[in-house]
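Enquirer: Numbering (our numbering), first residue to last: 5 to 195.
See the structure below:
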């Protein structure tokens, strides 16, 4: 299923001469179809216990599987605040440029006034960013990881602060914690 979706995406990207594509791994990382695409960098947002029949039952094994999207010499961000040691070891073993949350980049959520957060690494500081519009408290962790990857890509891929703010405040993923109204009844889609 995921392989056909990836092939369809490749066809669309080529037909529209897409310069940059952000791809989400469907299952794990090491064996995922997105590995067919060249990669300038990768982000692992979190390591949870899921898809255990394919990835294993322990965070260490799952972390190793997810590190399969990392590439030698390329930025390899892990936004999980407690990354499994095997993910770190795999990134180091292949020579990826490992970037870890709260080690290589930092972020804090504002309490007064609420609704904003700050992010910084050695090269950039962004203040008073709007909280991500996507549902879930973990979205700030994901957004911080994205900013770390953008920072690591540096001059090869620049985005204005205004574009970052707009993206954070307006992001929407159809079908993911997607609230819709159908005949006066609220329906939440999460597929």
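We put the CB at the ideal spot given by N, CA and C, even for glycine.
All values reported here derive from a predicted model rather than from experimental measurement.
Give the C-beta separation of residue 83 and residue 149 to the nearest angstrom, bearing in mind that I take them to be a contact with Cβ-Cβ under 8 Å.
Expert: Residue numbering aside, residue 83 sits at position 79 when the chain shown is read from its first letter. Residue numbering aside, residue 149 sits at position 145 when the chain shown is read from its first letter. Right, their Cβ atoms sit about 3 Å apart.
Enquirer: Helix, strand or coil for residue 162? Go by DSSP, reduced to three states.
Expert: For the purposes of this step, residue 162 is taken as the residue at position 158 of the chain shown. Three-state DSSP puts residue 162 in coil, outside helix and strand.
Enquirer: Got a sec, what are the start and stop residues for the beta strand (DSSP E) residue 119 sits in?
Expert: Within the chain shown, residue 119 is the residue found at index 115, counting from 1. Start and end: 118-125.
Enquirer: By the 10 Å Cβ neighbour count, where 16 or more other Cβ atoms means buried, how is residue 188 classified, buried or exposed?
Expert: Working through the chain shown from its first residue, we reach residue 188 at position 184. So residue 188 ends up on the exposed side.
Enquirer: For residue 122, I'd like the list of residues in its chain whose CB is within less than 6 Å of its CB, leaving aside the five on either flank, ordered along the chain.
Expert: For this step, residue 122 is matched to residue 118 along the chain shown. Closer than 6 Å at Cβ, skipping near neighbours: 112 and 131.
Enquirer: With distance defined between alpha-carbon atoms, name the residue in 90, 8, 41 and 94 nearest to residue 64.
Expert: For this step, residue 64 is matched to residue 60 along the chain shown. Among 90, 8, 41 and 94, the Cα nearest to that of residue 64 belongs to 90.
Enquirer: Report the residue ranges of all alpha helix (DSSP H) runs contained in full by the segment 76-106; include only those spanning at least 4 residues, in chain order.
Expert: If we require 4 residues or more, the alpha helix (DSSP H) runs fully inside the segment 76-106 come out as 89-98.
Enquirer: Looking at the secondary structure, which residues open and close the alpha helix (DSSP H) in which residue 66 lies?
Expert: Here residue 66 corresponds to residue number 62 of the chain shown, with the count starting at 1. Residues 63-70.
Enquirer: Which word fits residue 99, buried or exposed, when buried means at least 16 other C-beta atoms lie within 10 angstroms of its C-beta?
Expert: Along the chain shown, one-based indexing puts residue 99 at 95. That one is exposed.
Enquirer: Check for me: the beta strand (DSSP E) holding residue 46 runs from which residue to which?
Expert: As a position in the chain shown, residue 46 is number 42, starting the count at 1. Element bounds for residue 46: 46-48.
Enquirer: Ends of the beta strand (DSSP E) at residue 144?
Expert: As a first step, residue 144 is located in the chain shown; it is residue number 140 there, counting from the start. Element bounds for residue 144: not the beta strand (DSSP E) but the alpha helix (DSSP H), 143-157.
Enquirer: I need the boundaries of the beta strand (DSSP E) containing residue 132, first residue and last residue.
Expert: Translated into the one-based positions of the chain shown, residue 132 becomes position 128. Unbroken beta strand (DSSP E) run through residue 132: 129-134.
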